[in-house]
Amino acid sequence: MNLSLKHLTKKFGEKTVLNDVSCSLGEIRSLAIIGPSGGGKSTLIRLIAGLIPPSSGTIQLDKQTVLNDEAFLIEYRKKLGMVFQAYNLFPHLTAIENVMLPLIHVHHIPKETARKQAKECLQRFQLEEHEDKLPAHLSGGQQQRVAIARAIASESKYLLFDEPTSALDPELTGEVLDMINELRQEGKEFIVVTHEMGFAKNACDYVVFIADGKIIEHGASQSLFSDPQTTELQSFLSRILEWN
Amino acid sequence: MNRPSLFIRDPKKTDPARGKIALNIALVAAVLFAIVQFSLSRIDHIPRWDQIWTYRILFFKGFGMTIIVSLFALILSLTFGTLAALGNHSKVYFFHYLSKFYIELIRGTPLLVQIVFFYYIIGTAFQIENKIIGGILILSTFSGAYVSEIIRAGIESIENSQLEIARALGLNHRQIYRLIIYPQVIRQVLPPLAGQFASIIKDSSLLSFIAVREFTKVTFEVTAINFATFESYALLAVGYLLLTLPISLWTKRLERKFYYES
């Protein structure tokens, strides 16, 4: 994917969360956004997903400018599969119904075909035994995997993950990251906001480091982690890797 | 470590045997019966149950009127309650404050005061001559304020994150309401609404004050003739229980069902 941010600023009331961010990334397959909490990571991915409008500046994804127009945005969001930190599934629908919902109502696939597709997709990720369970009866990891399966079933062009494992304990984190990595190996392109540095380093080609509303540093993941240039990133990494 | 309490039952423990349940229920019933019998003997009262039979048609009509008034009041109060809940969420401040005033004024004053006020002052001014219609209107205005709070709680129980996810999936505004919000609000509000219906049935007894000939009013009339007060009021209590107990049991079942599902 090609992602280009031009003078991107986002304010919530008086608070500036992203401050005049610009960068141009070409031909990236998997992008990790890292940085301290409150630095603007989640805001950036929400902007890219077209869920919130920027205060000023523009975003281009594959040369297409994201317009602040609801009709455009509804079409735009269909191409992206977004997975949030937690509670991605609608609590009143079973796992398979959650996967079917966008197929039927967003992609206008007939119900029976949608059921078949959803079933195949859940099978693929070894989730078929849970298909008739309500989200409350699934573990956090299973919920996240069903949410990812839903994004895959909808044939989203790109996947966007906003801290997909930060609400999970380490064991469940592994099963979700494994699934994302599996998708990467199949060539699925994605952007992930994450605190899992090992994952950013090993499963993502490119990394953007954000702190205090600015992109401080970005680069290919191997070199960025082995040879951080800025003092901000150096101290961030040393703090985070202290116990790893 | 939680130590088992002496008095509080552990909700996780399985229900006791059927025989044990039946025995305890019978015991409670026997105690209640004994208290009533003792009271009656103290006042040397010999029950005259034949009086109920004599006035059965009147009782029956009153019972029917209570059902009719409550049903219509339920339907109307759903309308009032939904409008007030929407008004409360409205961007137009006039509607917002209108529903705020409505809810607070109604919930903060006794129903009896409202009945007298609306019926004798507003009803007379606007020439609502039909007591039954007037009664239904007052009862639904009263209940509507509570219904609106039930609906508001139902809407607010849906977390914002769900709306964001729905948008991220590409659902439009109408679909979000139809597929995500509406079905969840219904589940959320059904049990308390059923409870509200039971309240309406009981509260409708106050309409006797403006001479709507429902169950309670009829009982007043009968006792004024035959002085069989104990018998008539016993029937009155049983009549209301016949309506409210099934609703109460149904409410509990709904609550359990939705509790396990969410």
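Protein sequence lines correspond, in order, to chains A and B.
The first sequence runs 17 to 260 under the numbering used here.
The second sequence runs 88 to 349 under the numbering used here.
Think of the CB as a built atom: it goes at the ideal place given N, C-alpha and C, for glycine as much as any other residue.
Coil, strand or helix - residue i by DSSP
{"i": "residue 148 of chain A", "result": "coil"}
{"i": "residue 121 of chain A", "result": "helix"}
{"i": "residue 222 of chain A", "result": "strand"}
{"i": "residue 245 of chain A", "result": "coil"}
{"i": "residue 205 of chain A", "result": "strand"}
{"i": "residue 15 of chain A", "result": "One cannot answer for residue 15 of chain A here, as it falls past the ends of chain A, which runs 17 to 260."}
{"i": "residue 331 of chain B", "result": "helix"}
{"i": "residue 23 of chain A", "result": "strand"}
{"i": "residue 165 of chain A", "result": "helix"}
{"i": "residue 155 of chain A", "result": "coil"}
{"i": "residue 72 of chain A", "result": "strand"}
{"i": "residue 227 of chain A", "result": "strand"}
{"i": "residue 341 of chain B", "result": "helix"}
{"i": "residue 132 of chain B", "result": "coil"}
{"i": "residue 187 of chain B", "result": "helix"}
{"i": "residue 183 of chain A", "result": "coil"}
{"i": "residue 110 of chain A", "result": "coil"}
{"i": "residue 92 of chain B", "result": "coil"}
{"i": "residue 215 of chain B", "result": "coil"}
{"i": "residue 97 of chain B", "result": "coil"}
{"i": "residue 212 of chain A", "result": "coil"}
{"i": "residue 52 of chain A", "result": "coil"}
{"i": "residue 17 of chain A", "result": "coil"}
{"i": "residue 194 of chain A", "result": "helix"}
{"i": "residue 143 of chain A", "result": "coil"}
{"i": "residue 195 of chain B", "result": "coil"}
{"i": "residue 137 of chain B", "result": "helix"}
For residue i, the first and last residue of its enclosing beta strand (DSSP E)
{"i": "residue 39 of chain A", "result": "31-41"}
{"i": "residue 233 of chain A", "result": "230-236"}
Buried or exposed (CB count within 10 angstroms, at least 16 for buried), residue i
{"i": "residue 217 of chain B", "result": "exposed"}
{"i": "residue 133 of chain B", "result": "exposed"}
{"i": "residue 88 of chain B", "result": "Model confidence at residue 88 of chain B stands at a pLDDT of 48, short of 50, so the residue's coordinates are unreliable; what they give is reported in the following sentence. Answer is exposed; the Cβ neighbour count stays below 16."}
{"i": "residue 39 of chain A", "result": "exposed"}
{"i": "residue 196 of chain B", "result": "exposed"}
{"i": "residue 131 of chain B", "result": "exposed"}
{"i": "residue 26 of chain A", "result": "buried"}
{"i": "residue 244 of chain A", "result": "buried"}
{"i": "residue 218 of chain A", "result": "exposed"}
{"i": "residue 246 of chain B", "result": "exposed"}
{"i": "residue 119 of chain B", "result": "exposed"}
{"i": "residue 251 of chain A", "result": "exposed"}
{"i": "residue 111 of chain A", "result": "buried"}
{"i": "residue 181 of chain A", "result": "buried"}
{"i": "residue 164 of chain A", "result": "buried"}
{"i": "residue 225 of chain B", "result": "buried"}
{"i": "residue 148 of chain A", "result": "exposed"}
{"i": "residue 249 of chain A", "result": "buried"}
{"i": "residue 137 of chain B", "result": "exposed"}
{"i": "residue 327 of chain B", "result": "buried"}
{"i": "residue 179 of chain A", "result": "buried"}
{"i": "residue 114 of chain A", "result": "buried"}
Start-to-end residues for the alpha helix (DSSP H) that takes in residue i
{"i": "residue 241 of chain B", "result": "218-243"}
{"i": "residue 112 of chain B", "result": "105-129"}
{"i": "residue 175 of chain B", "result": "143-175"}
{"i": "residue 198 of chain B", "result": "198-203"}
{"i": "residue 253 of chain B", "result": "247-255"}
{"i": "residue 67 of chain A", "result": "Where residue 67 of chain A is concerned, there is no enclosing alpha helix (DSSP H), given that its DSSP letter is neither H nor E."}
{"i": "residue 258 of chain A", "result": "Here residue 258 of chain A belongs to no alpha helix (DSSP H), and DSSP marks it neither H nor E."}
{"i": "residue 75 of chain B", "result": "What is shown of chain B runs 88 to 349, which leaves residue 75 of chain B out entirely."}
{"i": "residue 265 of chain B", "result": "It is not in any alpha helix (DSSP H) - residue 265 of chain B carries neither H nor E in the DSSP assignment."}
{"i": "residue 178 of chain B", "result": "From DSSP, residue 178 of chain B is part of no alpha helix (DSSP H); its letter is neither H nor E."}
{"i": "residue 133 of chain A", "result": "127-140"}
Chain D contact for residue i (CB, 7 Å cutoff)
{"i": "residue 103 of chain A", "result": "The question asks about chain D, but that chain is absent: this structure's protein chains are A and B."}
Which residues DSSP lists as bridging residue i, in chain order
{"i": "residue 28 of chain A", "result": "A:31"}
{"i": "residue 47 of chain A", "result": "A:207 and A:222"}
Any non-hydrogen atom of the ligand SAM within 6 Å of residue i CB
{"i": "residue 153 of chain B", "result": "The ligand SAM is not among the ligands present in this structure, which contains no ligands whatsoever."}
Runs of alpha helix (DSSP H) wholly within the stretch 74-106 of chain A (minimum 4 residues, chain order): Listed in chain order, the complete alpha helix (DSSP H) runs (minimum 4 residues) inside the stretch 74-106 of chain A are 86-94.
Those runs of the alpha helix (DSSP H) which lie wholly inside the stretch 273-340 of chain B and span at least 4 residues: 302-313
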